[in-house]
Amino acid sequence: MGNNNSVVIIGAGQAGGRAALALRDSGFEGDIHLIGKEPSPPYNRPPLSKAVLLGKKPVEKTQLTGLENYQEKNIQLHLDCSATAVDTENQVVTCTDGKRFDYGHLIFATGSYPRELNLPGHELNGITTFRTDQDSVDLSQCLTPGSDLVIIGGGFIGLEIAASAKELDCNVTVLEAQDRLMSRSMPEGAAADVAHVHDQFGVTIMTGVTIQGFSGNGKVEAVELADGTRLKADNVVIGIGIIPDTALAQQSGLDVNNGIITDQFTKTSVDNIYAIGDCACTYLPRYDQHIRLESSQNADLQAATVTKTILADPQAYNPVPWLWSQQYNWVIQTAGFTQDSDQIVSRGRVEDECVVYFALKGRHLHGVVGIGKGATVAKEVRMAQMLIEHDKQPDPADLSNPDINLKDLLTA
Amino acid sequence: MSEWHRVCGTDEIDEEDVIQFNHGDKVYAVYNTEKGFFATDGICTHEHQELADGIVIGTVIECPLHQGRFEITDGCALSAPVCIDLKTYPVKVENNNVFIEL
Ligand SMILES: Cc1cc2nc3c(=O)[nH]c(=O)nc-3n(C[C@H](O)[C@H](O)[C@H](O)COP(=O)(O)OP(=O)(O)OC[C@H]3O[C@@H](n4cnc5c(N)ncnc54)[C@H](O)[C@@H]3O)c2cc1C
Ligand code: FES
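Those protein sequence lines, which keep their order, are chains A and B. First residue of the first sequence? That's 169 in this note's numbering, and the numbers climb one at a time after it. First residue of the second sequence? That's 22 in this note's numbering, and the numbers climb one at a time after it.
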């Protein structure tokens, strides 16, 4: 029978690492086993497409904390080790190397992996997805000045890599299948503004593109489009989204539907098993829906939530989701959701280096997107996030008026 | 030798707000909170970001870049991604002026 006083965490990424550290820091005294497929101890991925790619941050600096800290806190770190089976009856996890761990509590923090693009020629060298520290180190060595980089997918990661590669003096083209950038996460105007910023920096963005395949001799030389266009490429990065890593959870009998289904306390459908981070589809009371989030803040906050749940001090996870992206010296922040909204209003203009879009659903503020140089949009995005949190019904005319302080609308 | 330096008038920082104070080549953040005026280093301990662009909630400053949070009164790092505390500095108010000891 499982060791009641032991926590096993599958996935030593941002969420798993934070949960292990938080459990110890909150006074949990039992065994903690943190099992990770990757060779590196838990690290933050956000800098990989930004400072690490640019060579401004050594890759080791992305790690949550030094190896000695896990030792000091008596957290058993099993790296280069995959969990392959979970016996939920006897509460035992089995790993590739034959190691077995009894658990009292089991946390799935298996994250997600990049969607592949299985078109003809996809196996050529120089074509890569981008997820790990090693991916970042490898790509940074390929991005020599004057080389041609083609990025497939105009989402956050693709655009961040585009910005970094441009700063490294590569010729950068972004190919997007939809008729505009970030169609899933941003209103049309905001996407056009982001395209405008990239245009200013000299990145070529092509939308509504169908890709036929890749050509080259051992190494990629070009991306072939359906309309016959041939785009020269020394390197190709595929950034067309991620897939939550739920295979083991499903095989273990957990409810899975676009992520491992959990309640607002991160509990899955099976007793003593929890799921956090990119792999979890969590019930958010505020939206009365299960929602899977893919962000750094979500990984951190859910690590805190599972810690509380395991320590029998449950606190519902119920944030207005927030995330940031950095491209060149521009910051994009979003809070809430801008899809399925009834009305979009904006304040500021991208030409003035600071623009904020507000999405209203009925009379309620539902989402916000800010695009600005430096952190200029942070205050307004944060205030809007609080307006959403408090279920406020601001007057759209006030939202679009830059002379109105959003803070005043909070108390109104 | 530490010395007191005038930052601004007390009415130049809104309640529950923060301003930046530059001195020498260093940057400080000076706060007006419900518990009075306080000062900390002006740059986040996570990445190089000026905290004065962030927002003050009660006695907490939230970094504008990644929403890392610090307790203003003692500089304590409260939540990820920040884990290193902020340095704090003594502050006094005299004749409606705010001073920082550096
Ligand atoms: C390049 C890049 C840039 C990003 N930038 C931003 C940003 O600017 N802002 C933002 O908010 N978010 C950003 N994100 C998203 C953010 O990094 C993720 O949301 C976050 O990493 C999720 O954490 P996680 O722990 O759930 O998953 P991960 O960090 O992916 O960790 C999961 C780990 O589990 C391991 N694993 C899986 N299955 C097993 C198994 N069976 N046994 C053992 N180990 C296993 C995986 O190998 C992986 O190491 C970015 C992501 C990437 C890739
Ligand atoms: S720079 Fe302040 S939280 Fe990251």
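For every residue, glycine included, the Cβ atom is placed at its ideal position computed from N, Cα and C.
Which term fits residue i, buried or exposed, when burial requires 16 or more other beta carbons within 10 angstroms of its beta carbon?
| i | result |
| --- | --- |
| A360/A | exposed |
| N258/A | exposed |
| P111/B | exposed |
| D508/A | exposed |
| N53/B | buried |
| H273/A | buried |
| S463/A | buried |
| T544/A | buried |
| S23/B | exposed |
| H105/B | Note on identity: in this sequence residue 105/B is Ile, with His being the wrong assignment. With fewer than 16 Cβ atoms within 10 Å of its Cβ, I105/B is classed as exposed. |
| S493/A | buried |
| E55/B | exposed |
| A480/A | exposed |
| T66/B | buried |
| H69/B | exposed |
| P214/A | buried |
| S194/A | exposed |
Cβ of residue i versus every heavy atom of ligand 1: is any distance shorter than 8 angstroms?
| i | result |
| --- | --- |
| N173/A | no |
| T256/A | no |
| K400/A | no |
| E462/A | yes |
| I428/A | no |
| T252/A | yes |
| E328/A | yes |
| C29/B | no |
| I459/A | no |
| G314/A | no |
| K229/A | no |
| R299/A | yes |
| A472/A | no |
| W492/A | yes |
| R268/A | no |
| T278/A | yes |
| P209/A | no |
| C338/A | no |
| Q553/A | no |
| R446/A | The sequence as given places Asp at residue 446/A; Arg does not occur at that position. D446/A: yes, Cβ under 8 angstroms from ligand 1. |
| L189/A | no |
| Q511/A | no |
| P487/A | no |
| P214/A | yes |
| A543/A | no |
| G590/A | It is not possible to answer for residue 590/A, since the shown part of chain A is limited to 169 through 580. |
| Q465/A | yes |
| D265/A | no |
| L416/A | yes |
| I408/A | no |
| D306/A | no |
| F324/A | yes |
| S217/A | yes |
| I203/A | yes |
| I178/A | yes |
| Q259/A | no |
| C522/A | no |
| G540/A | no |
| D431/A | no |
Open item on the list: Closer than 8 angstroms is the cut-off here; do at least three beta carbon pairs connect the region 305-324 of chain A with the region 332-340 of chain A?
Closed with: yes
Open item on the list: If we require 3 or more residues per run, which beta strand (DSSP E) segments fall completely within the region 364-411 of chain A?
Closed with: 372-374, 379-385, 387-393, 398-400, 403-406
Open item on the list: Taking contact to mean 3 or more Cβ pairs, one atom from each stretch, closer than 8 angstroms, check whether the region 396-406 of chain A and the region 280-295 of chain A are in contact.
Closed with: yes
Task: Within the region 229-278 of chain A, ranges of the alpha helix (DSSP H) (whole runs, at least 4 residues) - done: 235-240
Task: By C-beta, the residues closer than 7 angstroms to any heavy atom of ligand 2, given in chain order - done: C65/B, H67/B, E68/B, Q70/B, C84/B, L86/B, H87/B, Q88/B, G89/B, P102/B, V103/B
Open item on the list: Would you call the region 228-237 of chain A in contact with the region 271-283 of chain A, where contact means no fewer than 3 C-beta pairs closer than 8 angstroms?
Closed with: no
Open item on the list: Counting beta carbon pairs with one atom in the region 430-442 of chain A and one in the region 298-305 of chain A, are three or more of them shorter than 8 angstroms?
Closed with: no
Task: Segments assigned alpha helix (DSSP H), at least 4 residues, entirely inside the region 280-318 of chain A - done: 301-310
Open item on the list: Taking contact to mean 3 or more Cβ pairs, one atom from each stretch, closer than 8 angstroms, check whether the region 496-507 of chain A and the region 525-538 of chain A are in contact.
Closed with: yes
- [ ] Take every Cβ of the region 44-57 of chain B, pair it with every Cβ of the region 549-565 of chain A, and state whether three or more of those distances are shorter than 8 angstroms.
- [x] no
Open item on the list: Is it the case that the region 340-350 of chain A contacts the region 246-264 of chain A, given that we only count it when at least three CB pairs across the two stretches are under 8 angstroms?
Closed with: no
Open item on the list: Which complete beta strand (DSSP E) runs does the region 495-528 of chain A hold, if anything under 3 residues is left out?
Closed with: 498-504, 511-517
Open item on the list: Taking contact to mean 3 or more Cβ pairs, one atom from each stretch, closer than 8 angstroms, check whether the region 27-42 of chain B and the region 76-85 of chain B are in contact.
Closed with: yes
Open item on the list: For the structure I just gave you, are there three or more beta carbon pairs, one from the region 221-229 of chain A and one from the region 193-205 of chain A, closer than 8 angstroms?
Closed with: no
Open item on the list: Does the structure place the region 172-190 of chain A close enough to the region 468-483 of chain A that three or more beta carbon pairs sit under 8 angstroms?
Closed with: yes
Task: In chain order, each beta strand (DSSP E) run of at least 3 residues that lies wholly inside the region 24-58 of chain B - done: 25-30, 38-44, 47-54
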